[in-house]
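Quick note on numbering: numbering that gives the first Met the number 0 labels position 50 of the sequence shown as 49, and the sequence is numbered without any gaps.
To keep things clear, I will list the structure first and then write my remarks on it.
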Amino acid sequence: MQTNQLLLLFSGVLLLLGLIAFFLGRAKAARTRAAGTAMYAQPDQYAWFTVLATAGPAVAVGALGAFVMLLLGAEIPTLYLLAGSLVVAAVGLVVGVNQVRPDFHARQAIERVIRFILAGAALISIFTTFGILFSIVSEAVRFFQMHSFWGFITGTTWNPGASFLEAAGRAGDAASTAQFGSVPLFAGTFMITLIAMLVAIPVGLMSAIYMSEFAPANVRTLAKPVLEVLAGIPTVVYGFFAAITVAPVIVTVAGAVGLEASFNNALAPGIVMGIMIIPFISSLSDDVINAVPDSMRQGALALGMTKGETIKHVVVPAALPGIISASLLAVSRALGETMIVVMAAGMRPNLTANPLEDMTTVTVRIVAALTGDQEFESAETLSAFALGLVLFAVTLTLNLVSVIMIRRFREKYRTNNL
Numbered sequence: 000m001q002t003n004q005l006l007l008l009f010s011g012v013l014l015l016l017g018l019i020a021f022f023l024g025r026a027k028a029a030r031t032r033a034a035g036t037a038m039y040a041q042p043d044q045y046a047w048f049t050v051l052a053t054a055g056p057a058v059a060v061g062a063l064g065a066f067v068m069l070l071l072g073a074e075i076p077t078l079y080l081l082a083g084s085l086v087v088a089a090v091g092l093v094v095g096v097n098q099v100r101p102d103f104h105a106r107q108a109i110e111r112v113i114r115f116i117l118a119g120a121a122l123i124s125i126f127t128t129f130g131i132l133f134s135i136v137s138e139a140v141r142f143f144q145m146h147s148f149w150g151f152i153t154g155t156t157w158n159p160g161a162s163f164l165e166a167a168g169r170a171g172d173a174a175s176t177a178q179f180g181s182v183p184l185f186a187g188t189f190m191i192t193l194i195a196m197l198v199a200i201p202v203g204l205m206s207a208i209y210m211s212e213f214a215p216a217n218v219r220t221l222a223k224p225v226l227e228v229l230a231g232i233p234t235v236v237y238g239f240f241a242a243i244t245v246a247p248v249i250v251t252v253a254g255a256v257g258l259e260a261s262f263n264n265a266l267a268p269g270i271v272m273g274i275m276i277i278p279f280i281s282s283l284s285d286d287v288i289n290a291v292p293d294s295m296r297q298g299a300l301a302l303g304m305t306k307g308e309t310i311k312h313v314v315v316p317a318a319l320p321g322i323i324s325a326s327l328l329a330v331s332r333a334l335g336e337t338m339i340v341v342m343a344a345g346m347r348p349n350l351t352a353n354p355l356e357d358m359t360t361v362t363v364r365i366v367a368a369l370t371g372d373q374e375f376e377s378a379e380t381l382s383a384f385a386l387g388l389v390l391f392a393v394t395l396t397l398n399l400v401s402v403i404m405i406r407r408f409r410e411k412y413r414t415n416n417l
């Protein structure tokens, strides 16, 4: 039988065993209660405990076997693995039914299992993060064995075009031409992100303040969903908008004032990316501002403050930690954007402070390196992991800085209000 058929058969048999376990556990608990014996849980709770005792160990054995085959490379026949899981399920059924006793706390046992499942769900994200980091680091180390780490983070020229010569065995020729200086890529990334934030943060914050403090209920009900529609537009549409509409306008305006602008300039994707990010800042900031207690507003108004002074000196400072978090979430979103930059800013690494020139970002080069026709062992392909590692470190640093800033502000705010 094929693997899909075996999995389907396994699921059906396990479901059947679960149903049997449920009805046997509930029937035994009901008989015990009918005999006048006091029990610590309801019959349905004993029934669900029996189901967990049946299906839980079976699923755990199957997942453990899949884990061993996937990560350790062990060969375990699928038929034997699934058959063993069903045997474990049958044993669990017998054990679960035997546990249906008056002195057994089935409800507490179910809660312990639920806590274990919730803890496992929380650990998945942690292990996933470490798994991603491990995969990036392992390949980045291979790249840094080919090229200097210091040259990578301080070099001002990105020209990996000749790195394929290394894979062909002509390392001497490649060394004279292939350059992996990442400064132009990160400069372009920060430039476009800065432009996006200069657009998104003021507009998003002011729209959040208006909707939470000034807008009537009917306007807020209509305006907020319309604003959040921007978050659902595909990034490729934003890329078309930036390349076809915004970039020509920027070139025309720049020419009218005597400046020269490229059609693939950094200003266009930065502005459009900022428009795309506005809903992130606006929606989160709106929720945070609405969470500020009305008693603080009423107290400020009672002391003679105007509406504007109340917002400036009371509401915004109280909501500032959440606003900072929303802004940094938007920064992380901008750092990882690719499609808009590819379509509107180009793919040429260009170290410049002029936003009217073309430039590219780290994520664009990662995509280019991993989707090209070069070998995976080549330095150009492995450079994607090195770029990803540095970008991961930058994002982690931003998150740590934000946590420190939020913590210090909260302490200062609490001290000033004591």
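We put the CB at the ideal spot given by N, CA and C, even for glycine.
Within its chain, find whatever has a CB closer than 6 Å to the CB of residue i; leave out the 5 residues flanking it on each side and keep chain order.
| i | result |
| --- | --- |
| Ala329 | Ala199, Ile276, Phe279, Ile280 |
| Pro42 | Arg25, Ala28, Ala29 |
| Leu390 | Val361 |
| Phe66 | none |
| Ala174 | Low per-residue confidence applies at Ala174: pLDDT is 44, beneath 50, and the placement is therefore not dependable enough to give any value. |
| Met68 | Ile75 |
| Ala105 | Ala40, Gln44, Tyr45, Phe48 |
| Thr128 | none |
| Val341 | Val363 |
| Ala383 | Ile365, Ala368, Leu369 |
| Val112 | Leu51 |
State the CB to CB distance for the pair residue i and residue j, rounded to an integer number of angstroms; the pair is presumed to be in contact (CB under 8 Å).
| i | j | result |
| --- | --- | --- |
| Met295 | Ala265 | About 42 Å; that fails the 8 Å criterion. |
| Val99 | Gly24 | 5 Å |
| Thr155 | Leu350 | 5 Å |
| Ala343 | Ala267 | 5 Å |
| Ala207 | Ser324 | Between Ser324 and Ala207 the Cβ distance is about 13 Å, and since that is not below 8 Å, they are no contact. |
| Tyr237 | Val202 | Rounded, the Cβ-Cβ distance is 15 Å, inconsistent with contact. |
| Leu184 | Pro354 | Not really, about 16 Å apart at Cβ, beyond 8 Å. |
| Ser181 | Trp157 | 7 Å |
| Leu327 | Ser211 | Not confirmed; about 20 Å, so no contact. |
| Val50 | Phe21 | 5 Å |
| Pro101 | Thr31 | 6 Å |
| Gly130 | Asn263 | Rounded, the Cβ-Cβ distance is 36 Å, inconsistent with contact. |
Can you give me the C-alpha to C-alpha distance between residue i and residue j, rounded to a whole angstrom?
| i | j | result |
| --- | --- | --- |
| Asn289 | Lys311 | 15 Å |
| Ser261 | Asp357 | 6 Å |
| Ala392 | Thr192 | 16 Å |
| Val287 | Gly321 | 6 Å |
| Phe151 | Val140 | 12 Å |
| Met331 | Phe240 | First, the amino acid is wrong: residue 331 is Ser here, not Met. Approximately 22 Å between the Cα atoms of the pair. |
| Val313 | Gly231 | 33 Å |
| Leu7 | Ala120 | 25 Å |
| Leu381 | Glu138 | 6 Å |
| Tyr39 | Gln4 | 42 Å |
| Val235 | Ile243 | 12 Å |
| Arg406 | Leu395 | 17 Å |
| Phe48 | Leu14 | 15 Å |
| Gln44 | Ala33 | 16 Å |
| Asn217 | Gly273 | 27 Å |
| Ala62 | Phe179 | 42 Å |
| Gly254 | Leu197 | 23 Å |
| Val93 | Leu369 | 52 Å |
| Ala52 | Gly11 | 17 Å |
| Gly307 | Ser124 | 42 Å |
| Leu423 | Val315 | For the chain, the structure presents residues 0 to 417; residue 423 sits outside this window and is missing. |
| Leu399 | Leu80 | 44 Å |
| Gly35 | Ile116 | 35 Å |
| Pro224 | Gln107 | 43 Å |
| Ala352 | Ile339 | 20 Å |
| Phe103 | Glu110 | 13 Å |
| Ile19 | Gly64 | 25 Å |
| Ala118 | Phe126 | 12 Å |
Suppose the cutoff is 7 Å on Cβ atoms and the five residues either side in sequence are ignored; what does the same chain contact list for residue i look like?
| i | result |
| --- | --- |
| Thr188 | Leu334, Thr360, Val361 |
| Gly83 | Val60 |
| Ala385 | Ala139, Phe142, Phe143, Phe151 |
| Arg169 | Model confidence at Arg169 stands at a pLDDT of 49, short of 50, so the residue's coordinates are unreliable and nothing is read from them. |
| Phe408 | Leu319, Pro320 |
| Thr337 | Thr362, Val363, Val366 |
| Val136 | Leu388 |
| Ala37 | Pro101 |
| His146 | Phe179, Ala378 |
| Leu78 | Leu5 |
| Ser282 | Glu227 |
| Ala222 | Met210, Ala214 |
Provide the residue(s) that pair with residue i in DSSP beta bridges, ordered along the chain.
| i | result |
| --- | --- |
| Gly179 | Note that residue 179 is Phe in the sequence shown here, rather than Gly. BP columns for Phe179 point to Trp157. |
To which residues of the same chain is residue i closer than 8 Å at the C-beta, ignoring the five residues directly before and after it?
| i | result |
| --- | --- |
| Leu258 | Leu355 |
| Met404 | Ile323 |
Cβ pair count under 8 Å reaching 3, the region 76-95 against the region 54-64: yes
The region 233-253 in contact with the region 300-308 per 3-pair CB rule at 8 Å: no
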